[in-house]
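Undergrad: Chains as they are written, first to last, in the working numbering: chain D, -5 to 576; chain Y, 2 to 355.
1. What residue does the alpha helix (DSSP H) around residue 142/D start on, and which one ends it?
2. At a CB-CB cut-off below 7 Å, which residues of chain D make contact with residue 144/Y?
3. Drop a sphere of 10 angstroms on the beta-carbon of residue 243/Y, count the other beta-carbons inside from all chains shown, and report buried for 16 or more, exposed for fewer.
4. Of all the residues that make up the region 54 to 82 of chain Y, which are near chain D by a beta-carbon distance shorter than 7 Å?
5. Tell me residue 60/Y's beta-bridge partners as DSSP assigns them.
6. Cβ of residue 594/D within 8 Å of Cβ of residue 552/D?
7. Taking the beta strand (DSSP E) that residue 310/Y falls in, what are its first and last residues?
8. Starting from residue 350/Y, trace the beta strand (DSSP E) in both directions and tell me its first and last residue.
9. 8 Å is my cut-off, CB to CB: does residue 109/D come that close to chain Y?
10. How would you label residue 366/D, buried or exposed, when you count the other beta carbons within 10 angstroms and need 16 or more for buried?
11. So is residue 15/Y in contact with chain D if we call contact Cβ pairs under 8 Å?
12. I need the DSSP call for residue 461/D, collapsed to helix, strand or coil.
13. Using three-state DSSP, classify residue 242/Y as helix, strand or coil.
14. What residue range does the beta strand (DSSP E) around residue 177/D cover?
15. What residues of chain Y sit near residue 177/D, judged by a beta carbon separation below 7 Å?
16. Is the region 515 to 532 of chain D in contact with the region 440 to 447 of chain D, if contact means three or more CB pairs nearer than 8 Å?
17. For residue 13/D and residue 400/D, I'd like the C-alpha separation in whole angstroms.
18. Give me the Cα-Cα distance between residue 299/D and residue 268/D, rounded to the nearest whole angstrom.
19. Taking the beta carbon of residue 61/D as the centre, do at least 16 other beta carbons fall within 10 Å, making it buried, or is it exposed?
20. State yes or no: is the C-beta of residue 201/Y within less than 8 Å of the C-beta of residue 240/Y?
21. Quick one: grab the DSSP three-state call for residue 442/D.
22. To be precise: take each residue of the region 108 to 134 of chain Y, compare its Cβ to all Cβ atoms of chain D, and keep it if any distance is under 8 Å. Which residues remain?
23. Along chain Y, in chain order, which residues have C-beta atoms closer than 8 Å to that of residue 201/D?
24. Leaving out five residues before and five after residue 568/D in sequence, what residues of the same chain have Cβ atoms less than 7 Å from its Cβ?
25. Determine the chain Y residues that contact residue 198/D at a beta-carbon separation under 7 Å, and present them in chain order.
26. Per DSSP, what kind of secondary structure is residue 275/Y in: helix, strand or coil?
27. Determine, for residue 38/Y, whether the minimum Cβ-Cβ distance to residues of chain D falls below 8 Å.
28. If residue 12/Y sits next to residue 54/Y, beta carbons under 8 Å apart, how far is it from one beta carbon to the other, in whole angstroms?
29. Restricting to Cα atoms, I'd like to know which of 157/D, 240/D and 53/D is closest to residue 125/D.
30. Where do the ends of the beta strand (DSSP E) carrying residue 263/Y lie?
31. Could you give the residue range of the beta strand (DSSP E) that holds residue 328/Y?
32. Residues in its own chain within less than 8 Å of residue 334/Y by CB, not counting five upstream and five downstream?
33. Applying the criterion that 16 or more other CB atoms from any shown protein chain within 10 Å of the CB defines a buried residue, is residue 106/D buried or exposed?
34. In the DSSP assignment, find the unbroken beta strand (DSSP E) run with residue 50/D in it and report its ends.
35. Would you grab the beta carbon distance between residue 333/D and residue 143/D for me? Rounded to a whole angstrom, and I think it's under 8 Å.
36. For the beta strand (DSSP E) that residue 34/Y lies in, which residues bound it at each end?
Rendered as structure tokens:
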């Protein structure tokens, strides 16, 4: 080959210190600006909670002093200790119910020929996407002392009480455990799906039956992710709010979050300092758990990484056991999904109910038509849609910006972002909402935003930052580094590479994230509780306050609308094959 | 004595037929290789014998007992077949030590602890792994992992050991050593083995008999020497060894003797197929049979040497002759230029053009 005269095309950026240098400085600035904003929106509300907890009165009172009074009050309050005890009981109970069930469910769904796996999968995930408030209401109207199913049981067996009591601590723990099975299922099943079937086949060839394969090979190999899911569930046990709020009230069982909620008016004036002290105490438990989760997640793929080629997956035949397995799954589904959801739906379409009342006679649509005559309820529906669709898109944009700020860099900035996104994870939504309320009250110039949807959106965005970042980072990791390196080597700056290569490649990942964030924002209820004001009504938070006033008709109708919104999101997600988990 | 019999085995995934009636026997103490290109069904056949794939009809008999019989609806589950299987990926359990990996099959068979310990240690010692018992798989090299996988498959004395591409995960250098070691192991332990491979050299070196598979059927079956030196079809001839392929027209056929003509050349060859004068044909000749000679003569062509490549133990020459390209081996370096090349008539196999 004779060498042809090659012509070197100089890059505009390399022609000297001119335009290119300025662009580069600008791109760097954008990144640091992103980091600075992210640090502010995460750190400001949190430090405010910490600050408030060391004051003797709410921060806006003139007579406040720095003291440990708030902590002293809380530690002297027997309600605090009983709620701590209940929280621990519920968290451990959830751990022991959700982890084994989730593991078994994941094995059945991911590795065996269980009948009907395709349509079971979205059903299994429903409790993740339906608001716990809605599930709680559902249990009350379905299985409470005068619930539909309780009434049917009583008239069927002629007893004057149902054999269960959903208001006991045991029942709350059981329900919380059952509704958190999908969280374990998600992590265990994605690990199991990544497991090559060769290791299981090797065990079968060695002489192991399907159940020994599960016991000796499959489940031990996904032990790191089961451990992770266990810590996650335990952590969520400290966060549960909706279920104990609805189910714990009749018998007065408090948990830490509901204790904090009830503190609001304990002393007649807003007792912000007490709430802040409880909040700090909760975060002291949850933050180490979040750090532990992070460590465990790193190990979660430990055994998976050693596998050989992930060959075609072969489903393990269960034989006659498949019907037993299906019965177990169906029973779980009935108790956890069907009972509460059918209960709340039924309740939304009747005017009243009781033993011996035929449902056809009390059927009504007035619960829904009444909704539209109430301005705040209509606003709540519109706002919920808005914060899900528009707010979801904006949140994904923010997460993407933060994701790019840390993408394939290894300086202290990206390490900071790494830990920063974990912080809001440790703060239960109720506390985060409270903290943002204070930010909007406290920071000069922000007061007028307090009664706008911006406050709700900002709180939602920060609370779900860790979740959103996992989605974005998952999408970013799909882009092979060599594709970006190729762009760099032909002369693109980091910013140009992001715009020209990375962003177009993760487009579908971003759309999927938008959809998932939409569902999460529709489901959210606790973050908006303290930010609720005329103009910022969202369905979730409004249901909490309506339930307190006993407006069951409205709550039931709103619940059904909420389920439909999330269901629509879920249907679109399934239609477009969005992976509901990583 | 025949260990394993496979009779007219059929298997399909949905609508795609993978195996279309495969039959073979495996005698005690014999090593049989399933050789074929990817997609030929060789791995599926092995997995069907192991019980990991579900055939649609046919028979698999081990020591006269049916593992699978489509007609009688017999299908023994994998774990009751008691065969030894070495996976291509080794499939070692990463959460168990080497000792536990190897001992698992014995503990499933309720062998007492003390005996397990002794038998596992013996198996590991046999394979030169005695000092690695407490290690985890990820602490081992590729070659050591392979030996653990073999020890795990051998420890409970299976009647037949199945090997799925046992050498393909090793480095090229290690592969040759491992091949010799594996052959030695199989011979010294008098194992009956069924081995899948896509590498014809590996198949020839390892086995007593080779089954060459093509699209779910056996193309040819025989000893390595038979497959290499007496291929019955163009596919077999091309699959084995390194070949030159010449397209030509048949000029005349006399018994086994065929006269071929190409663009400016004529050659005599050996008919390996049903040929008719005037039709298109394919001649196949192994690289090592083509010889560079001093001058003109029978079955010789004058060709231009384009380049000579040094392979260490020999040279490989690339020749052009009109539209014809062919290669040959030789012992010395040669400069580019014109040479006479001989194609011995008996090594020049002629098949009808496909």
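All residues carry an ideal CB built from backbone N, CA and C; glycine is no exception.
Computed from a predicted structure; not experimentally measured.
TA: By the coordinates alone:
1. As a first step, residue 142/D must be located in the first chain, where it is residue number 148. Per DSSP, residue 142/D belongs to the alpha helix (DSSP H) from 142 to 151.
2. Along the second chain, one-based indexing puts residue 144/Y at 143. What residue 144/Y touches in chain D: nothing, since even the nearest Cβ is about 15 Å away.
3. Looking up residue 243/Y in the second chain gives position 242. Classification of residue 243/Y: exposed, given that the 10 Å Cβ count is below 16.
4. Listed by position, the residues of the region 54 to 82 of chain Y near chain D (Cβ gap below 7 Å) are 79 and 80.
5. Position 59 of the second chain, counted from the start, is the residue given in the question as residue 60/Y. Within the DSSP bridge table, the entry for residue 60/Y names 8/Y and 70/Y as partners.
6. Outside the displayed range of chain D (-5 to 576) lies residue 594/D, so it cannot be described from this structure.
7. Your numbering for residue 310/Y matches position 309 in the second chain. Looking at the DSSP string, the run of the beta strand (DSSP E) that includes residue 310/Y is 301 to 311.
8. Position 349 of the second chain, counted from the first residue, corresponds to residue 350/Y. From DSSP, the beta strand (DSSP E) with residue 350/Y extends over 350 to 353.
9. Looking up residue 109/D in the first chain gives position 115. Closer than 8 Å: no.
10. Here the question's residue 366/D lines up with position 372 in the first chain. Exposed.
11. Within the second chain, the letter at position 14 stands for residue 15/Y. It does not: the Cβ of residue 15/Y has no partner Cβ on chain D nearer than 8 Å.
12. Locating residue 461/D in the first chain gives position 467, where the first residue counts as 1. Three-state DSSP puts residue 461/D in a helix.
13. By one-based count along the second chain, residue 242/Y stands at place 241. Coil at residue 242/Y, not helix or strand.
14. To locate residue 177/D, count along the first chain from 1; it is residue 183. Where residue 177/D is concerned, there is no enclosing beta strand (DSSP E), although the alpha helix (DSSP H) it sits in stretches over 175 to 188.
15. One-based indexing of the first chain puts residue 177/D at position 183. The premise fails here: residue 177/D is roughly 23 Å from chain Y at the closest Cβ pair, so nothing lies under 7 Å.
16. Segments in contact, yes.
17. Here residue 13/D refers to the residue found at position 19 of the first chain. Here residue 400/D refers to the residue found at position 406 of the first chain. At residue 13/D the pLDDT is 43, less than 50, meaning the model places this residue with poor confidence; the figure from the coordinates comes in the next sentence. So the two alpha carbons sit approximately 25 Å from each other.
18. Here residue 299/D refers to the residue found at position 305 when the first chain is read from its first residue. Here residue 268/D refers to the residue found at position 274 when the first chain is read from its first residue. Caution is warranted here: a pLDDT of 42 is assigned to residue 299/D, below 50, making its placement in the model unreliable, and the coordinate value is therefore given only provisionally. In a straight line, the C-alpha of residue 299/D is about 48 Å away from that of residue 268/D.
19. By 1-based counting over the first chain, the position of residue 61/D is 67. When all chains shown are included, residue 61/D counts as exposed.
20. The residue labelled residue 201/Y in the question sits at position 200 within the second chain. The residue labelled residue 240/Y in the question sits at position 239 within the second chain. Yes; because the gap between Cβ atoms is below 8 Å, this pair is in contact.
21. Translated into the one-based positions of the first chain, residue 442/D becomes position 448. The answer is helix: DSSP assigns residue 442/D an H, G or I state.
22. Close to chain D, meaning a Cβ-Cβ distance shorter than 8 Å, are the following residues of the region 108 to 134 of chain Y: 109 and 110.
23. By one-based count along the first chain, residue 201/D stands at place 207. Using a Cβ-Cβ cut-off of 8 Å, residue 201/D is close to 80, 81, 83, 106, 109, 110 and 157 of chain Y, given in chain order.
24. Taking the first residue of the first chain as 1, we reach residue 568/D at position 574. Excluding sequence neighbours, residue 568/D sits near 116.
25. By one-based count along the first chain, residue 198/D stands at place 204. 79 and 80, listed in chain order.
26. Taking the first residue of the second chain as 1, we reach residue 275/Y at position 274. The DSSP-derived three-state label of residue 275/Y is coil.
27. Within the second chain, residue 38/Y is the residue found at index 37, counting from 1. No, its Cβ sits nowhere closer than 8 Å to a Cβ of chain D.
28. In the second chain, counting from the first residue as 1, residue 12/Y sits at position 11. In the second chain, counting from the first residue as 1, residue 54/Y sits at position 53. About 6 Å separates the two Cβ atoms, so the contact holds.
29. Translated into positions along the first chain, residue 125/D becomes position 131. Of 157/D, 240/D and 53/D, the residue nearest in Cα terms is 240/D.
30. Position 262 of the second chain, counted from the start, is the residue given in the question as residue 263/Y. For residue 263/Y, the uninterrupted beta strand (DSSP E) run begins and ends at 258 to 263, by DSSP.
31. Taking the second chain and counting its residues from 1, one reaches residue 328/Y at position 327. Bounds of the beta strand (DSSP E) holding residue 328/Y are 325 to 331.
32. For the purposes of this step, residue 334/Y is identified with residue 333 of the second chain, where counting begins at 1. These residues qualify, in order along the chain: 309, 311 and 316.
33. In the first chain, the residue the question calls residue 106/D occupies position 112. Label assigned to residue 106/D: buried.
34. Locating residue 50/D in the first chain gives position 56, counting from the first residue. Residue 50/D -> no beta strand (DSSP E), and no H or E assigned at all.
35. Residue numbering aside, residue 333/D sits at position 339 when the first chain is read from its first letter. Residue numbering aside, residue 143/D sits at position 149 when the first chain is read from its first letter. The beta-carbon separation of residue 333/D and residue 143/D, rounded to 6 Å, stays under the 8 Å limit for a contact.
36. What you label residue 34/Y is simply residue 33 of the second chain in a count that begins at 1. Segment 32 to 37, the beta strand (DSSP E) holding residue 34/Y.
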